[in-house]
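Residue numbers (my numbering): 452 to 596. Just so you know, even glycine gets a beta-carbon here, dropped at the ideal spot from N, CA and C. Everything below concerns the one structure shown next.
See below:
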């Protein structure tokens, strides 16, 4: 994680240096404008995701089964928040790795997800035991009188 952040910073510095070297101050201004636009796009996406999540209950998802099917190892917490449109219910203590969050639906099914440094490591779907829908079946298989 730290290497990736350092790589992005180094790439930005190299881009600015090369733009200045090739085109002077106008090149530096153009490269800086492009980097600023890139940062603003990411910031806007982050704010949109959090704004959508602010209008829903914490830890709620429409379908825990569908969330379980969509999850993949390595996706970020922000991506999961964007999928669920809800902040997860924090189960772990603050600043403790791995971070554990839970999303629950109306049928009391829930997905518990563990994030290590912001990336999804493992998750588990828990569903309530199905209620016995047909406790007494007729012996001949026909309709009951």
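Check residue i in the structure and name its three-state DSSP category.
{"i": "residue 580", "result": "coil"}
{"i": "residue 571", "result": "strand"}
{"i": "residue 507", "result": "coil"}
{"i": "residue 496", "result": "helix"}
{"i": "residue 453", "result": "helix"}
{"i": "residue 593", "result": "With a pLDDT of 48 at residue 593, under the threshold of 50, the predicted position of this residue should be treated as unreliable, though the coordinate-derived value follows. Three-state DSSP puts residue 593 in coil, outside helix and strand."}
Quick check: the Cα distance between residue i and residue j, rounded to an integer number of angstroms?
{"i": "residue 549", "j": "residue 514", "result": "24 Å"}
{"i": "residue 480", "j": "residue 488", "result": "12 Å"}
{"i": "residue 613", "j": "residue 563", "result": "The question about residue 613 has no answer, for the chain in this structure spans 452 to 596."}
{"i": "residue 483", "j": "residue 461", "result": "14 Å"}
{"i": "residue 535", "j": "residue 518", "result": "7 Å"}
{"i": "residue 572", "j": "residue 497", "result": "22 Å"}
{"i": "residue 478", "j": "residue 506", "result": "43 Å"}
{"i": "residue 493", "j": "residue 581", "result": "43 Å"}
Would you list the one or two residues that DSSP bridges to residue i?
{"i": "residue 551", "result": "565"}
{"i": "residue 472", "result": "Residue 472 is not bridged to any residue."}
Can you give the beta carbon distance from residue i to residue j, rounded, assuming they're within the 8 Å contact cut?
{"i": "residue 509", "j": "residue 537", "result": "7 Å"}
{"i": "residue 577", "j": "residue 558", "result": "Not quite, the Cβ-Cβ distance comes to about 11 Å (not below 8 Å), so this is no contact."}
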